[in-house]
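Beneath this line is the structure, given in structure tokens, with notes to follow.
Protein chains: 2
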Amino acid sequence: MTKQERATRTRHALIRSAAIVFEQHGYAQARLVLISSGAGVSTGALHFHFDNKAAVAEAVVAEASRGLRDMSGAIRRRTDTALQALVDSSHALAERLREDPVCRAGFRLSCDGERAADPDLRVEWHHRVRELLDEAAADGTLAEGVSRQDAAAATVAVTAGLEVLGRHEPEWLSPYTLTGFWTLLLPRLAAAGTLALIAPSGTEAAARGPAFAADTAAETAGAAAVT
Amino acid sequence: MTKQERATRTRHALIRSAAIVFEQHGYAQARLVLISSGAGVSTGALHFHFDNKAAVAEAVVAEASRGLRDMSGAIRRRTDTALQALVDSSHALAERLREDPVCRAGFRLSCDGERAADPDLRVEWHHRVRELLDEAAADGTLAEGVSRQDAAAATVAVTAGLEVLGRHEPEWLSPYTLTGFWTLLLPRLAAAGTLALIAPSGTEAAARGPAFAADTAAETAGAAAVT
Numbered sequence: 002m003t004k005q006e007r008a009t010r011t012r013h014a015l016i017r018s019a020a021i022v023f024e025q026h027g028y029a030q031a032r033l034v035l036i037s038s039g040a041g042v043s044t045g046a047l048h049f050h051f052d053n054k055a056a057v058a059e060a061v062v063a064e065a066s067r068g069l070r071d072m073s074g075a076i077r078r079r080t081d082t083a084l085q086a087l088v089d090s091s092h093a094l095a096e097r098l099r100e101d102p103v104c105r106a107g108f109r110l111s112c113d114g115e116r117a118a119d120p121d122l123r124v125e126w127h128h129r130v131r132e133l134l135d136e137a138a139a140d141g142t143l144a145e146g147v148s149r150q151d152a153a154a155a156t157v158a159v160t161a162g163l164e165v166l167g168r169h170e171p172e173w174l175s176p177y178t179l180t181g182f183w184t185l186l187l188p189r190l191a192a193a194g195t196l197a198l199i200a201p202s203g204t205e206a207a208a209r210g211p212a213f214a215a216d217t218a219a220e221t222a223g224a225a226a227v228t
Numbered sequence: 002m003t004k005q006e007r008a009t010r011t012r013h014a015l016i017r018s019a020a021i022v023f024e025q026h027g028y029a030q031a032r033l034v035l036i037s038s039g040a041g042v043s044t045g046a047l048h049f050h051f052d053n054k055a056a057v058a059e060a061v062v063a064e065a066s067r068g069l070r071d072m073s074g075a076i077r078r079r080t081d082t083a084l085q086a087l088v089d090s091s092h093a094l095a096e097r098l099r100e101d102p103v104c105r106a107g108f109r110l111s112c113d114g115e116r117a118a119d120p121d122l123r124v125e126w127h128h129r130v131r132e133l134l135d136e137a138a139a140d141g142t143l144a145e146g147v148s149r150q151d152a153a154a155a156t157v158a159v160t161a162g163l164e165v166l167g168r169h170e171p172e173w174l175s176p177y178t179l180t181g182f183w184t185l186l187l188p189r190l191a192a193a194g195t196l197a198l199i200a201p202s203g204t205e206a207a208a209r210g211p212a213f214a215a216d217t218a219a220e221t222a223g224a225a226a227v228t
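Protein chains in written order, with the working numbering: chain A, 2 to 228; chain B, 2 to 228.
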């Protein structure tokens, strides 16, 4: 392993450890020594990568943001319709919120107001949902007369709700809850004749497995990583 | 005003002041002297009503809970169908989250984990939504084959999402956002022939005006208050 690869790996371990510490203690109470020891390095090594706690928090949000963007882009490339890509992206988002502490902490840090780190992940997700609905309108899979603004707002509100409800009851983030939502909503969104083509439970394009952390570390290190 | 009425009024003013202080500073940072001075009384008067900060927080949550229960009961009595009562109750909940600091603080205190005060208002709302959907199934306004569990989960997730999104962007709690959601969802929920009878924007039964605080104070004082 080169020195550069080691540094990338350490930086990634620090971001992951910080996400876990922020989640357990909250941003205000999180101590840098817990973050560095969680990553198996000294506080000196932490300060080599980050000036202060705010910089660590920003890195957590930036990594969560990049992970979600990569995920949604990869899903779009592997799905036939933008409407299925929307359904699949929502399932993949819920899976990350269940499995990936960096994604969870990223949402809390960027949205909970205790510390409003840029970018706001809910705003980014809203943009992505709106893009996919615009595409669905263009490719003819969105039913005529459906308000894209209303459909985007309902989708964003539901996923934001599942995120906060899932903090106390993980069942809210299960695939069944989201499948139930899409089973209700898709008959209103899908154009005539296309409903049967859209799976409310998502397709295998949504399933990347739990290896987000390994993926993003490899990508950061410049390895060929898109699976 | 009797001594009892004055005490009730002071207790209510303390709860309202506490809600505002908890919202501005968070539970951990909220100081009792700010709460008492916000209510225009001494800290001694505060301690006459509440043992400590936790007791004040519990009173905020209990008052928010009671307010929502009274609201939803009153709406049900004034609407023809359970499905309209569900729509109206969601609009009235959004209105309270916009206008009433006790309701907003109640949700944060009972759901945000910083301090998990009983009862959990989101769980109570979930029960109420489920009751209304069960009633709608019984009175024939719910479409056949609709999963009540899915419909309840979608409604609760959307309202929880609007609550947290509305903290940063009040527009999320506007009547238009919720009307858009019901415009999308009602054609899936309403039984054939009943859709035209349900107003997605709510009926006047949802509109109680902004005088929650005065209402609940009067009710607490035992005055005839149901408007």
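Glycine included, every Cβ here is placed at the ideal spot set by N, Cα and C.
Bear in mind the structure is a predicted one, so any value in this text is a computation, not a measurement.
- With 16 or more other Cβ atoms inside 10 Å of its own Cβ, residue 182 of chain A counts as buried.
- Shown here for residue 144 of chain A: same chain residues with a beta carbon closer than 8 Å to its own, the five before and five after excluded, namely 189, 190, 191, 192 and 193 in chain order.
- Closest by C-alpha distance to residue 87 of chain A, out of A:129, A:70 and A:96, is A:129.
- In the DSSP assignment, residue 191 of chain B forms a beta bridge with B:143.
- Using a C-beta cut-off of 8 Å, the segment 54 to 66 of chain A makes contact with the segment 99 to 115 of chain A, since at least three inter-stretch Cβ pairs fall below that distance.
- For residue 121 of chain B, the nearest beta carbon of chain A is closer than 9 Å to its own beta carbon.
- Within the segment 126 to 153 of chain A, those residues whose Cβ lies closer than 8 Å to any Cβ of chain B are, in chain order, 147, 148, 150, 151 and 152.
- Contact annotation for residue 184 of chain B against chain A: 151 [CB-CB distance below 7 Å, chain order].
- Residue-level contact by beta carbon holds for residue 169 of chain B and chain A, with a gap shorter than 9 Å.
- The residue among B:82, B:79, B:84 and B:126 with its C-alpha nearest the C-alpha of residue 94 of chain B is B:126.
- A direct Cα-Cα distance of roughly 33 Å separates residue 103 of chain B from residue 148 of chain B.
- Among the residues facing chain B, residue 178 of chain A is included, as its CB has a counterpart in that chain under 9 Å away.
- Taking a Cβ-Cβ threshold of 8 Å, the residues of chain B close to residue 188 of chain A are 189, in chain order.
- Think of a sphere of 8 Å around the beta carbon of residue 75 of chain B: no beta carbon from chain A falls inside it, the nearest being about 25 Å out.
- Chain-order list of chain A residues neighbouring residue 20 of chain B: empty, with the shortest C-beta distance near 17 Å, by a criterion of under 7 Å.
- Secondary structure at residue 70 of chain A: helix, using DSSP grouped into helix, strand and coil.
- Taking a C-beta distance under 9 Å as the contact criterion, residue 137 of chain A and residue 198 of chain A do not qualify as a contact pair.
- At least one CB of chain A lies nearer than 9 Å to the CB of residue 165 of chain B.
- Interface with chain B (9 Å Cβ-Cβ cutoff): residue 160 of chain A is included.
- Annotation: the continuous alpha helix (DSSP H) that includes residue 11 of chain B extends over 4 to 30.
- Put simply, the CB of residue 181 of chain B is near chain A, with a gap under 9 Å to one of its CB atoms.
- Comparing alpha carbon positions, the residue from A:29, A:21, A:178 and A:52 closest to residue 38 of chain A is A:21.
- Within 10 angstroms of the beta-carbon of residue 164 of chain A lie 16 or more other beta-carbons, which makes it buried.
- Secondary structure of residue 80 of chain A (DSSP, three-state): coil.
- In the three-state reduction of the DSSP assignment, residue 57 of chain B falls in the helix class.
- The beta-carbon distance between residue 11 of chain B and residue 40 of chain B, rounded to whole angstroms, is 7 Å. This is short enough to meet the 8 Å contact definition.
- In the DSSP assignment, residue 49 of chain B falls within the alpha helix (DSSP H) that extends over 44 to 50.
- In this structure, residue 169 of chain B lies near residue 112 of chain A, with their beta-carbon atoms less than 9 Å apart.
- In the three-state DSSP reduction, residue 75 of chain B falls in the helix class (H, G or I).
- At a Cβ-Cβ threshold of 9 Å, residue 140 of chain B and residue 82 of chain B count as neighbours.
- Annotation for residue 36 of chain B: the continuous alpha helix (DSSP H) segment containing it runs 33 to 39.
- Neighbours of residue 155 of chain A across chain B, judged by C-beta separation under 8 Å: 159, 181, 182, 185 and 186.
- In the structure shown, residue 200 of chain B falls within a coil segment according to DSSP collapsed to helix, strand and coil.
- For residue 151 of chain A, the secondary structure class from DSSP, reduced to helix, strand or coil, is helix.
- Rounded to whole angstroms, the gap between the alpha carbons of residue 90 of chain B and residue 67 of chain B is 14 Å.
- The C-beta distance from residue 50 of chain A to residue 15 of chain A rounds to 6 Å, short enough to fall under 8 Å.
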